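A short write-up of the structure that comes next.
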Amino acid sequence: MPIPLVIAHQGGDGIWPGNTMYAFQHAVNMGVDVIETDIRQTRDGVLVVSHDERVDGKSNGVGRVADLTFVELRTLDAAYNWSPKDGPTFPFRGQGITYLSLEEVFKAFPDMRFNIDMKQTDPPIYTAFCDLIRKYNMQDKVIAASFSHQNTAAFRKICPEVTTSADESETRIFVFMNFAYLGHWYSPNFKTFQVPIKSSGITIMTPHFVRAAHERNLRVDVWTIDDPQEMKHMIDMGVDGIITDRPDLLMKLLGRNPSN
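Position in the sequence shown (from 1) plus 11 gives the number in my numbering.
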């Protein structure tokens, strides 16, 4: 695989309506390496692609994803409120772009690699997530992530064959231990960091952090980088993947001509 990996955030939310089949298909056609997405569960137990807890901000509906059935969710326009930066207003509104189930995504893109963030914690969704990964034999194509340590720990226990990224608390511990030059005492049970440049006023993405991670054979993916100059800085730092809303810009910077 190329380094750094081009990881399309929500399929490329700066170009197309994020977390939709339209975005995912265009990202695949473009030739990205990984699609980053988020999952929640509907009232009737269907795992769906959704970043936000509520549908209000993205669609023409109202309410929490967890309070709607999948059929109800499918009636909503998932591109209703999306507009590109400095572009036309609501260009995909009314074009039949709907919410997706994770099962639909796995069926449509069985060979694609995914970074999937478990957004929901209550009720937990890690068992249903693991079951679906196994059903579609996606164990080697999915990195499971969550900000919640409870989610991450439970998922690792029931789905040990699937790679996970460090959760927020694990990243914090690693950063602080390496600041204190105690990183060699840390025994990680994850394979990847997925981190912002800064968090809570602390700069995480430094050459020292990347070196320390690589010394432990840990990957470093950084999010969410949309500015080409910032992308170049991260590339020079040696990151393994860049999560971006503008995969088209990153691919051009890397000399990889987007396919569409």
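Glycine included, each C-beta is placed from N, C-alpha and C at the ideal position. If you're wondering where the values come from, they're calculated on a predicted model, not measured in any experiment.
Grab me the residues of Met-149's own chain with a C-beta within less than 7 Å of its C-beta, minus the 5 sequence neighbours each way, in chain order. Within the same chain, Met-149 has close Cβ partners Phe-117.
Are the C-beta of Val-186 and some C-beta of chain D separated by less than 7 Å? Of the protein chains in the structure, only one exists, and it is not chain D.
Taking C-beta to C-beta, are Tyr-33 and Ile-108 nearer than 7 Å? yes
Nearest neighbour of Val-60, chosen from Gly-68, Asp-67, Arg-51, Val-66 [CA to CA]: Ranked by Cα distance from Val-60, the first of Gly-68, Asp-67, Arg-51, Val-66 is Arg-51.
Suppose you measure from the CA of Leu-265 to the CA of Ala-90; what does that come to, to the nearest Å? 30 Å
Can you tell which of Leu-111, Trp-93, Thr-235, Asp-237 has its C-alpha closest to the C-alpha of Thr-80? Leu-111
From the DSSP output, in three-state form, read off Ser-180 for me. helix
With Val-231 and Ala-224 assumed to form a contact (beta carbons below 8 Å), what rounded beta-carbon distance in angstroms separates them? 5 Å
Which two residues bound the contiguous alpha helix (DSSP H) that contains Met-129? That residue, Met-129, is in no alpha helix (DSSP H); its beta strand (DSSP E) goes 124-129.
Just to confirm, is the Cβ distance from Pro-218 to Met-262 under 7 Å? No; because the gap between Cβ atoms is not below 7 Å, this pair is not in contact.
Looking at the strands, I want to know which residues DSSP matches up with Val-17. Paired residues: Ile-253.
For Val-39 and Met-129, which I take to be in contact (beta-carbon distance under 8 Å), what is that distance rounded to the nearest angstrom? Not really, about 22 Å apart at Cβ, beyond 8 Å.
Residues of its chain near Pro-199, where Cβ-Cβ distance is below 8 Å and the 5 sequence neighbours each way are ignored: Ala-177, Glu-181, Phe-185, Arg-227, Leu-229
In angstroms, rounded to a whole number, what distance separates the CA positions of Asn-71 and Arg-65? 11 Å
Hey, could you find the ends of the alpha helix (DSSP H) Asp-274 is sitting in? Because residue 274 is not part of the residues shown, which for the chain are 12 to 271, the question remains open.
Let's see if you can read the secondary structure: which residues bound the alpha helix (DSSP H) around Arg-104? Neither: Arg-104 is in no alpha helix (DSSP H) and is coded neither H nor E.
Return the chain-ordered list of same chain residues with a C-beta closer than 7 Å to the C-beta of Gln-21, the five sequence neighbours on each side being excluded. Gly-29, Asn-30, Ala-34, Glu-47, Thr-48, His-62
Starting from Leu-58 and walking both ways along the alpha helix (DSSP H), at which residues does that stretch end? Segment 58-60 is the beta strand (DSSP E) holding Leu-58; no alpha helix (DSSP H) there.
Going by Cα to Cα distance, which pick from Asp-251, Leu-260, Cys-170 is closest to Asp-142? Cys-170
With distances taken Cα to Cα, identify the nearest neighbour of Phe-190 among Ile-14, Ala-164, Gly-74, Phe-220. By alpha-carbon distance to Phe-190, the top candidate from Ile-14, Ala-164, Gly-74, Phe-220 is Phe-220.
Rounded separation between Trp-196 and Thr-132 - CA only: Cα-Cα distance, rounded: 30 Å.
Looking only at C-alpha atoms, which of Ala-139, Gly-68, Ile-14, Phe-166 sits nearest to Val-43? Of Ala-139, Gly-68, Ile-14, Phe-166, the residue nearest in Cα terms is Ile-14.
Note the first and the last residue of the continuous beta strand (DSSP E) segment covering Ile-50. 45-52
Can you tell me where the alpha helix (DSSP H) with Asp-142 in it begins and where it stops? 137-146
Please classify Trp-234: does DSSP put it in a helix, a strand, or coil? strand
Identified DSSP bridge partners for Ser-210: Secondary-structure assignment with DSSP links Ser-210 through a beta bridge to Ile-213.
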